[in-house]
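All letters in the sequence shown, in the order written, are residues 118 to 524 by our numbering. Virtual Cβ for every residue (Gly too), placed ideally from N, Cα, C. Computed from a predicted model, the values in this text were never measured in an experiment. Written out below as structure tokens is the structure these notes cover.
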Amino acid sequence: MATNADSQALLLQLLDPSNRADPYPAYDRIRAHGPLQLPEMTLNVFSSYQDCDDVLRHPSSASDRIKSTAAQREIAEGAEARPMGPPGFLFLDPPDHTRLRKLVSKAFAPKVVKALEPDITALVDSLLDRIAEQGRFDVIADLAYPLPVAVICRLLGVPIEDEPKFSWASALLAQALDPFISFTGEMPDGFAERMQAGLWLREYLQDLIERRRSDPGDDLMSGLIEVEESGDQLTEEEIIATCNLLLVAGHETTVNLIANAILAMLRHPWQWAALGADAQRVSAVVEETLRYDPPVQLMGRISADDTTIGDTTVVKGDTMMLLLAAAHHDPAAFDRPGEFDPDRGSIRHLGFGRGPHFCLGAPLARLEAAVALSAVTARFPQTRLDSEPQYKPNLTLRGLSTLAVQV
Ligand code: HEM
Numbered sequence: 118m119a120t121n122a123d124s125q126a127l128l129l130q131l132l133d134p135s136n137r138a139d140p141y142p143a144y145d146r147i148r149a150h151g152p153l154q155l156p157e158m159t160l161n162v163f164s165s166y167q168d169c170d171d172v173l174r175h176p177s178s179a180s181d182r183i184k185s186t187a188a189q190r191e192i193a194e195g196a197e198a199r200p201m202g203p204p205g206f207l208f209l210d211p212p213d214h215t216r217l218r219k220l221v222s223k224a225f226a227p228k229v230v231k232a233l234e235p236d237i238t239a240l241v242d243s244l245l246d247r248i249a250e251q252g253r254f255d256v257i258a259d260l261a262y263p264l265p266v267a268v269i270c271r272l273l274g275v276p277i278e279d280e281p282k283f284s285w286a287s288a289l290l291a292q293a294l295d296p297f298i299s300f301t302g303e304m305p306d307g308f309a310e311r312m313q314a315g316l317w318l319r320e321y322l323q324d325l326i327e328r329r330r331s332d333p334g335d336d337l338m339s340g341l342i343e344v345e346e347s348g349d350q351l352t353e354e355e356i357i358a359t360c361n362l363l364l365v366a367g368h369e370t371t372v373n374l375i376a377n378a379i380l381a382m383l384r385h386p387w388q389w390a391a392l393g394a395d396a397q398r399v400s401a402v403v404e405e406t407l408r409y410d411p412p413v414q415l416m417g418r419i420s421a422d423d424t425t426i427g428d429t430t431v432v433k434g435d436t437m438m439l440l441l442a443a444a445h446h447d448p449a450a451f452d453r454p455g456e457f458d459p460d461r462g463s464i465r466h467l468g469f470g471r472g473p474h475f476c477l478g479a480p481l482a483r484l485e486a487a488v489a490l491s492a493v494t495a496r497f498p499q500t501r502l503d504s505e506p507q508y509k510p511n512l513t514l515r516g517l518s519t520l521a522v523q524v
């Protein structure tokens, strides 16, 4: 069993920005140690596929961080329980999670999402038209980012003209998901700035809700306002938290799926050509990217009870960190896990999570990625890398900041 210091040293490798371009060797080292337990930090880190899957399915796995020993200690010392208002339902448990998820799930149902395909195709075509004129492009700035952002803004009823105002806030909130405090016990640099971004986005959404109250549209925000006004199912604070969650999820995840798939194919040029020639391959490429280089690299749960995961006993109130990206490269679960192989057959990845919090946006993310990837490979068969890809600092929502290519 690794000591506290050994375990922490392994976890610090993940936080080290120099491992961001290729964190997989660090994940392999962690998985080789088995589950890491850091009792002083009330932390348990799981990295095998079996353990991550078990935690996600376990009835004692909670998502509300307020149930953690660390949060309970702070509250006992006088801290306010939820200084920023209620969290998005990603961080809630039943019954609130069930109630809030149900209110928005219709808008993301596969059939409803499928109806967006013509709009998404038109958006992708217009982005590719612009690229065709340039001869080279940045996958992030010119395709992978603008597509999901335009789609989520339209769905929510957030004016796309406001995008430059809130994209920085969204980026900072994504960084706030990194497990810096869990792994180090210390506040990260930039903590105050992230709090500020959170407050700013809440105020922005609150103003927008007031505008939509008097001038509703056929968007999700107007729909939630209608529910709020018609009874006691939903509060304004909950509308803000829900829109905040959807806006950030729409900004910081699908961009990385599209870009990670493009990078993997450019490093395996046969895959680029094969998809360009046969759009039917796209779903296999998307699913293998979600396994091989997942946009969400880790997630957390709180143990609501004393629990056993595999051979590991977890104390009630402890944090359980699940390294999905490590689980996806677990040789016990996948043959040749380090190889990008869309033809490997059924791919049971955890890229969208599993269980009651399974990603609500999965059908939308899959559709956006499928349309973008099949179109870009068909239209620009000679695409190649122009320079070394650059990564953002984020660990949890890891992704490229630039990916320059020539067409
Ligand atoms: C490739 C893109 C995406 C990936 C990889 C992804 C991944 C995930 C994962 C792993 C979870 C589970 C988190 C947990 O259990 O703690 C999740 C939940 C969620 N995702 Fe996504 N997501 C993506 C795109 C989106 C999009 C586009 C939206 C909506 C605009 C979205 C909305 C949500 C919501 C609302 C939840 C919380 C569900 C719940 O708690 O019940 N996601 N996502």
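Check: Alpha carbon to alpha carbon, how far is R496 from M438?; Outcome: 41 Å
Check: Among the residues of its own chain, which have a CB less than 6 Å from the CB of P412, if the five just before and after it don't count?; Outcome: T370, N373, L374
Check: Taking only runs that begin and end inside the stretch 339-390, name each unbroken alpha helix (DSSP H) of 4 or more residues, in chain order.; Outcome: 353-369, 371-384
Check: Kindly indicate which three-state DSSP category D255 falls into: helix, strand or coil?; Outcome: strand
Check: Quick one: grab the DSSP three-state call for Q414.; Outcome: coil
Check: Taking the alpha-carbon positions, what's the P506 to I342 distance?; Outcome: 42 Å
Check: Is V413 near the ligand HEM, with its Cβ less than 8 Å from a heavy atom?; Outcome: yes
Check: Answer with yes or no whether the minimum CB distance from A143 to chain B is below 9 Å.; Outcome: Any reference to chain B falls outside this structure, which holds one protein chain only.
Check: Would DSSP call T215 helix, strand or coil?; Outcome: helix
Check: Starting from T424, follow the alpha helix (DSSP H) in both directions and report where the run begins and ends.; Outcome: Where T424 is concerned, there is no enclosing alpha helix (DSSP H), although the beta strand (DSSP E) it sits in stretches over 424-426.
Check: In the DSSP assignment, find the unbroken alpha helix (DSSP H) run with L128 in it and report its ends.; Outcome: 121-132
Check: Just curious, the beta strand (DSSP E) that L440 is in, first and last residue?; Outcome: Taken as a continuous stretch (DSSP letters only), L440 belongs to no beta strand (DSSP E), as it is neither H nor E.
Check: Kindly examine the ligand HEM and report whether one of its heavy atoms sits closer than 8 Å to the Cβ of V221.; Outcome: yes
Check: Is the closest heavy atom of the ligand HEM to the C-beta of I269 under 8 Å?; Outcome: yes
Check: Are the CB atoms of L217 and E355 nearer to each other than 9 Å?; Outcome: yes
Check: Within 8 Å: the Cβ of L322 and any heavy atom of the ligand HEM?; Outcome: no
Check: Considering just the uninterrupted stretch of the beta strand (DSSP E) at V162, what are its terminal residues?; Outcome: 160-163
Check: Quick one: Cα of D181 to Cα of T359, how far?; Outcome: 15 Å
Check: Are the Cβ atoms of I269 and A366 separated by less than 9 Å?; Outcome: yes
Check: Indicate the three-state DSSP secondary structure (helix, strand or coil) for L294 in the structure shown.; Outcome: coil
Check: CA-CA distance, T159 and L380?; Outcome: 37 Å
Check: Within its chain, find whatever has a CB closer than 6 Å to the CB of S491; leave out the 5 residues flanking it on each side and keep chain order.; Outcome: A396, V399
Check: Alpha carbon to alpha carbon, what distance is there between D171 and S331?; Outcome: 47 Å
Check: Determine the burial state of K509: buried for a count of at least 16 other Cβ atoms within 10 Å of its Cβ, exposed for fewer.; Outcome: buried
Check: With 16 other CB atoms within 10 Å as the buried threshold, where does E250 fall?; Outcome: exposed
Check: Could you tell me if the beta carbon of P265 falls within a distance shorter than 8 Å of some heavy atom in the ligand HEM?; Outcome: yes
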